[in-house]
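Enquirer: This is the structure I have questions about; it appears just below.
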Amino acid sequence: DNAYLTTPEMRVWDVGQGLSVLVRHGHEVLVYDTGPAVPGVFSAVESTLLPNLEAEGIRRIDTLVISHADNDHAGGRRSVQKLGDLILEYWQGEGPTEGNDASCVLRIYHPESGTEWLLPGDITEHMEARYLAYLAAREDFQQPVTRVLVAPHHGSKTSSSDAWVSTLRPDRVIYTAGYRHRYGHPNRDITARYRGAGAEALNTACSGALIMTVAGGAIK
């Protein structure tokens, strides 16, 4: 069986220009996206996910979420919903059935500590507006939370609109981008936008994998 964790843990793997996130609590394990793959050349599942899962004593994935079908998020999907005291909330905008705006947005909430992780896949400004409208209609949206946001689309200039950043005002923003990648993510205007909103920025291209736990009612 999977190793037991008494407190929630979230790991944002360093998979270069792509995304893969591990969420654990108790014996339960969720993986959101599996990182990039180039057939016959490279697979984040083989190079990063599987070795790390084995090192952590994880033998079973209870929930696998592929946000959308782009290769940098779903490259390993052929190789590999309440979660402990965590509340999982899935949202997908109406209309697109493929491409970035078809991304499944996952909100992970830990009521005991008031911690929220938001994983929006690659949604663009257009779909961000729809998600913000959905949040605004919720009675609990204005409750105080400590919010950790994985920047949509790796910090691309097509996402993280002024309204998105100023409404969510994350305490921490995480960019999952390839080191010196040709796409140039995260975009400088976007990083400045989050910085202006007071968000602490972290980037897997610089830090490697990020591990977050909740201890003493606060995120570490």
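In our numbering, the protein residues as written are 6 to 225. We put the beta carbon where it would ideally sit given N, CA and C, even for glycine.
For a quick check, are the C-beta atoms of residue 50 and residue 42 less than 8 angstroms apart?
Expert: yes
Enquirer: Buried or exposed: where does residue 69 fall if 16 or more other Cβ atoms within 10 Å of its Cβ makes it buried?
Expert: exposed
Enquirer: Is the beta carbon of residue 206 closer than 8 angstroms to that of residue 200?
Expert: Yes.
Enquirer: Which term fits residue 44, buried or exposed, when burial requires 16 or more other beta carbons within 10 angstroms of its beta carbon?
Expert: exposed
Enquirer: Going by DSSP in three states, residue 171 sits in which element: helix, strand or coil?
Expert: helix
Enquirer: Could you spell out where the alpha helix (DSSP H) holding residue 196 opens and where it closes?
Expert: 193 to 201
Enquirer: From the DSSP output, which residues share a beta bridge with residue 208?
Expert: DSSP links residue 208 through a beta bridge to 180.
Enquirer: Taking the alpha-carbon positions, what's the residue 65 to residue 6 distance?
Expert: 7 angstroms
Enquirer: When DSSP labels each residue in this structure, what does residue 135 get in the three-state scheme?
Expert: helix
Enquirer: Among the residues of its own chain, which have a CB less than 8 angstroms from the CB of residue 175, if the five just before and after it don't count?
Expert: 123, 152, 153, 154, 199, 202 and 204
Enquirer: Could you give the distance in angstroms between the alpha-carbon of residue 111 and the alpha-carbon of residue 158?
Expert: 14 angstroms
Enquirer: Do residue 17 and residue 156 count as a contact pair if the criterion is CB distance below 8 angstroms?
Expert: no
Enquirer: Using the three-state DSSP reduction, which class does residue 125 fall into: helix, strand or coil?
Expert: coil
Enquirer: Helix, strand or coil for residue 53 per DSSP?
Expert: helix
Enquirer: For the beta strand (DSSP E) that residue 8 lies in, which residues bound it at each end?
Expert: It is not in any beta strand (DSSP E) - residue 8 carries neither H nor E in the DSSP assignment.
Enquirer: In whole angstroms, what separates the C-alpha of residue 127 from that of residue 221?
Expert: About 33 angstroms.
Enquirer: Got a sec? Which residues, its chain only, sit under 7 angstroms from residue 83 by beta carbon, not counting five neighbours each side?
Expert: Any reading at residue 83 must be qualified, since the residue scores a pLDDT of 38, below 50, and its modelled position is unreliable; no value is offered.
Enquirer: Between which residues of its own chain and residue 32 is the CB-CB distance below 7 angstroms, once the five residues before and five after are set aside?
Expert: 6, 7 and 9
Enquirer: Along the beta strand (DSSP E) that carries residue 30, what are the first and last residues, could you check?
Expert: 26 to 31
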